[in-house]
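One structure is given below, encoded as structure tokens.
Protein chains in written order, with the working numbering: chain A, 1 to 294; chain B, 1 to 320.
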């Protein structure tokens, strides 16, 4: 009994201290606003609804709802552009359920979406501007076309500090595939800038942009994600900060990741099984044709 | 007179090229083709209906609630497309169009060139094999339903595609050997990919020693058979004029004996028949066997046809 308690105690200390340090030691100092994907729902009319949760705090565990944030708004753009070739933005209505805030993005046809959420906070005479962004595909198949809310001008979105991802749209974003991260501040690139990466199942990492203001991130293989089905996904939030004296900008980008499709493919193992079985079946057939008795 | 075997070879080769590489030219023939035009071939121009049948967009992998919505209607629409194509060409899809069937015929051709005789199955074994394709058909419908409604792990999704030998063999023609790998993402994917490799090896050897070996197990052939009553194409026999020579059974790649043994019924299109018309070509009696499109005869057996073919073959053999 004493040994069991001792083992539990050692494990407890290990998880609290060792694992805990690994995860939180390098955590970003500031809290941020991020968009979190919910489970996509199929509507009866054939359209798809994707609930997106708005959160403030630190991904994945420390959520605070939208407590203390002002002027929270959400906009999304489709793959369409206006007469000047600029993307058209729509407003999304924020729904509140107790401490949870979310928006529902509905698509009646195949569409590419970019979603922005923004908010403001005043803290010790410093204004903090938050921007959260994500992008995704929705493959709706509805005959009816729902009316969308008013079109707004893109200048209403405070995109002074924005995280861009290349490629922005992937049919099947997955672990093992590299993505280029470019933090853009006032249309200029940020060289040697530290970017925090909060993965749902992994410890937080910090990466630096190069002199061109970009960095490459390759999401690591995730055994927990691999155990789930092919359509299962996890999320990673990329966070960048920029202090401009009286105004501070904190932006995030939510990356959706499926398990790697081909990184776990063992070709030589497969070929060995195939050729081995083929040889065995071949010999069996030849033996059968020559009426050899085993 | 058109040589049917030459015409068939031409149609098969063209179908193979169009269905396997047509995608590179922007050709899109949809997701409901009643033949093994494998979606895992990157350059294919159309998809095998079996995949649609197992998927969540157009098939059975939907919840019961979704089944009574537009999603259910989409699945029905896809089935309607399949049904229409099936009744127009019936089993000719298997014997004349299916790229995987063509691959089997090429392997048979190679075996004949090597002078290796075909393996023969006993009638008891053949009768025992017959239900397997229907069992596979049930399996590929039930598993997606269980995923959609009973929480079965989604890595069992597309169950037939996962074990189908075409998934491994057909992408080779587009230069893709990737599916010969074992997917070790988790125990389910590893198990499914190993089973799939073993089955592919088994079928590959089987196809070498036996004509159209995979067709004996093909669930798509079973599905087409379910609707052959509505088909526009038919194989008819003049029962009274048949001398019972047995040529039709001997040349049949699937060793169907019903055409030879049938003494009452006019319609001799059986569930395993792939409408390759080799029985019609080899029948020595005039108009005993005929291929009909509605009531119109397209091709029928004749003494003249068989004698010309026989003389030509004999001449070729003498020259050699």
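Positions of the beta carbon are idealized from the N, C-alpha and C atoms, including for glycine. From a predicted model like this one, the values you see are computed outputs, not experimental measurements.
Just how far apart, CA to CA, sit residue 128 of chain A and residue 214 of chain A? 24 angstroms
Please report the straight-line C-alpha distance between residue 53 of chain A and residue 106 of chain A, rounded to a whole angstrom. 14 angstroms
Identify each residue in the stretch 176–188 of chain A for which the Cβ-Cβ distance to at least one residue of chain B is less than 9 angstroms, and report them in chain order. none
Given a threshold of 16 other Cβ atoms within 10 Å of its Cβ, counted over all protein chains shown, does residue 277 of chain A qualify as buried or as exposed? buried
Among A:96, A:246, A:186, A:66, which residue has its Cα nearest to the Cα of residue 119 of chain A? A:66
By the 9 angstroms beta-carbon criterion, what residues does the stretch 105–129 of chain A contribute toward chain B? none
Exposed or buried, which one is residue 289 of chain B when buried takes at least 16 other CB atoms within 10 Å? buried
What are the uninterrupted segments assigned as alpha helix (DSSP H) that are 4 or more residues long and contained completely in the stretch 141–175 of chain B, given in chain order? 159–163, 165–169
Just checking, does the stretch 297–305 of chain B make contact with the stretch 14–31 of chain B on the three C-beta pairs under 8 angstroms criterion? no
Against chain A, with Cβ distances strictly below 9 angstroms, would residue 205 of chain B count as a contact? yes
To the nearest whole angstrom, what separates the beta carbons of residue 108 of chain B and residue 12 of chain B, a pair I think is in contact under 8 angstroms? So it is not a contact: roughly 12 angstroms between Cβ atoms.
Is it the case that the Cβ atoms of residue 75 of chain A and residue 90 of chain A are separated by a distance below 9 angstroms? yes
I need the DSSP call for residue 194 of chain B, collapsed to helix, strand or coil. helix
Residue 285 of chain B and residue 241 of chain B closer than 9 angstroms at C-beta: yes
Is the CB of residue 264 of chain A under 9 angstroms away from at least one CB in chain B? yes
Beta carbons nearer than 7 angstroms to chain B: which residues of the stretch 276–292 of chain A have them? 277, 278, 281, 282, 285, 289
Go through its chain and collect everything with a Cβ distance to residue 22 of chain A's Cβ below 7 angstroms, but skip five positions before and after it. Below a pLDDT of 50, predicted positions are generally treated as unreliable, and residue 22 of chain A, at 37, falls in that range; no measurement from the model is reported.
Assuming the contact rule is C-beta atoms closer than 8 angstroms, residue 146 of chain B and residue 152 of chain B should be a hit. Round their C-beta distance to whole Å, please. 4 angstroms
Boundaries of the alpha helix (DSSP H) in which residue 227 of chain A is found, first to last residue: 223–227
How long is the line joining the alpha carbons of residue 188 of chain B and residue 248 of chain B, rounded to whole angstroms? 45 angstroms
Among B:309, B:5, B:227, B:258, whose alpha-carbon lies nearest the alpha-carbon of residue 90 of chain B? B:227
Euclidean distance between Cα positions of residue 37 of chain B and residue 96 of chain A: 49 angstroms
Excluding the 5 residues flanking residue 303 of chain B on each side, which residues of the same chain have their C-beta closer than 7 angstroms to its C-beta? 284, 286
For a contact meaning CB atoms closer than 7 angstroms, what does residue 226 of chain A contact in chain B? 185, 186
Three-way DSSP call (helix, strand, coil) for residue 18 of chain B in this model: helix
Assuming residue 150 of chain B contacts residue 265 of chain A (C-beta within less than 8 angstroms), just tell me the rounded distance between them. The pair is not a contact, with the Cβ atoms about 29 angstroms apart (cut-off 8 angstroms).
Are residue 94 of chain B and residue 277 of chain B touching if we call contact CB-CB under 9 angstroms? no
In the DSSP assignment, the beta strand (DSSP E) including residue 54 of chain B goes from what residue to what residue? Segment 49–54 is the alpha helix (DSSP H) holding residue 54 of chain B; no beta strand (DSSP E) there.
Take the Cβ of residue 239 of chain B as the centre, count every other Cβ of all protein chains shown within 10 Å, and call the residue buried at 16 or more, exposed below. exposed
Grouping DSSP H, G and I as helix and E and B as strand, with all else coil, what is residue 215 of chain B? helix
In three-state DSSP terms, what is residue 26 of chain A? Because residue 26 of chain A carries a pLDDT of 40, less than 50, the predicted location of this residue cannot be relied on, and no value is offered for it.
Please determine if the stretch 50–64 of chain B and the stretch 116–128 of chain B are in contact, where contact requires at least 3 C-beta pairs separated by less than 8 angstroms. no
May I have the straight-line CA-CA distance separating residue 157 of chain A from residue 230 of chain A, to the nearest angstrom? 35 angstroms
Would you mind sorting residue 225 of chain B into buried or exposed? The rule is 16 or more other CB atoms within 10 Å of its CB. buried
7 angstroms Cβ shell around residue 26 of chain A - same chain, five flanking residues per side excluded: Summary for residue 26 of chain A: the model assigns pLDDT 40, below 50, so the residue's position carries little reliability, and this model does not support an answer.
Roughly how many angstroms separate the alpha carbons of residue 130 of chain A and residue 254 of chain A, rounded to a whole number? 14 angstroms
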